[in-house]
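Novice: Just so it is clear: in the sequence shown, position 128 is 128 by UniProt numbering, and no numbers are missing.
Have a look at this one before I ask anything.
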Amino acid sequence: MMDPEAVKKYLTESAGYAVAALPARFFDVLVLNGIRLDLFEPGRILCSYVVPPRLSSSGNVLHGGVVATLVDVVGSAAIISSGLPTTGVSLDINVSYLDPAFTGEEIEMESKLLHAGKAVAVASVEFRNKRTGKLLAQGRHAKYLAASSKLWLDVLIALYSSPLQEQKEKSES
Numbered sequence: 001m002m003d004p005e006a007v008k009k010y011l012t013e014s015a016g017y018a019v020a021a022l023p024a025r026f027f028d029v030l031v032l033n034g035i036r037l038d039l040f041e042p043g044r045i046l047c048s049y050v051v052p053p054r055l056s057s058s059g060n061v062l063h064g065g066v067v068a069t070l071v072d073v074v075g076s077a078a079i080i081s082s083g084l085p086t087t088g089v090s091l092d093i094n095v096s097y098l099d100p101a102f103t104g105e106e107i108e109m110e111s112k113l114l115h116a117g118k119a120v121a122v123a124s125v126e127f128r129n130k131r132t133g134k135l136l137a138q139g140r141h142a143k144y145l146a147a148s149s150k151l152w153l154d155v156l157i158a159l160y161s162s163p164l165q166e167q168k169e170k171s172e173s
């Protein structure tokens, strides 16, 4: 069994950094700084990116969390490029890691809109080594195309008002 203090240290070892002093949206800037838009078509985005040391994990490999973040962002770009009024909110993001991308290598990310319905949009993102063309990772991002807040409130009221009313009546009896 692992020592709870070791787990705590693992999860909080960056707490010594001045996190509160970081600017808003720091994470987006950290990950997206250096990304280039190479091709824009409705429903299709092609970007390239040189893997920076700041986003590499042990072994000078692009961190898997960064790949997942890029699936989120580049997949959302393909959705919005199709003319939809919103990128929506994430329902599901999945990534298959097939081969590492090393610090200093240039990768290419191609995102395609696979489906755009009234409520849900789905995009795929492929990561390739730009020099060799080797497939590094594949991701898919499903998003709920959020309705207006009033409509969403009406939906919540319709879904939960009866159970809440029943619970209130039971507690009063």
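Glycine residues also receive a C-beta, built at the ideal position from the N, C-alpha and C atoms.
Being a predicted model, the structure only gives us computed values, none of them experimental.
(1) Do you know whose CA, among Val-51, Leu-30, Phe-40 and Ile-79, lies nearest Ala-116's CA?
(2) Quick check on Thr-87: buried or exposed, where buried means 16 or more other Cβ atoms within 10 Å of its Cβ?
(3) From Leu-135 to Val-71, what distance separates their C-alpha atoms?
(4) Return helix, strand or coil for Ile-107, following the three-state DSSP convention.
(5) Tell me which residue opens and which closes the alpha helix (DSSP H) that Leu-145 is part of.
(6) What distance in whole Å lies between the Cβ atoms of Ser-56 and Thr-103, which are believed to be in contact at a cut-off of 8 Å?
(7) Within 10 angstroms of the Cβ of Gly-64, are there 16 or more other Cβ atoms? Answer buried if so, exposed if not.
(8) Looking only at its chain, what residues have a beta carbon closer than 8 Å to the beta carbon of Trp-152, apart from the 5 residues adjacent to it on each side?
Specialist: With the given structure in hand:
(1) Position 116 of the sequence shown, counted from the start, is the residue given in the question as residue 116. Among Val-51, Leu-30, Phe-40 and Ile-79, the Cα nearest to that of Ala-116 is on Ile-79.
(2) Residue mapping note: residue 87 aligns to position 87 of the sequence shown, counting from 1. When all chains shown are included, Thr-87 counts as buried.
(3) Taking the first residue of the sequence shown as position 1, residue 135 is located at position 135. Taking the first residue of the sequence shown as position 1, residue 71 is located at position 71. Approximately 14 Å, taken between the alpha carbons.
(4) Within the sequence shown, the letter at position 107 stands for residue 107. Strand, per DSSP.
(5) Along the sequence shown, one-based indexing puts residue 145 at 145. Element bounds for Leu-145: n/a, residue is neither H nor E.
(6) Here residue 103 refers to the residue found at position 103 of the sequence shown. Here residue 56 refers to the residue found at position 56 of the sequence shown. Their Cβ separation, rounded to whole angstroms, is 5 Å, which keeps Thr-103 and Ser-56 in contact under 8 Å.
(7) Numbered from 1 along the sequence shown, position 64 holds the residue referred to as residue 64. Exposed is the call here.
(8) As a working note, residue 152 is residue 152 in the sequence shown. Residue placement at Trp-152 is poorly supported in this model, since its pLDDT is 48, which falls under 50; the coordinates are not used for a value here.
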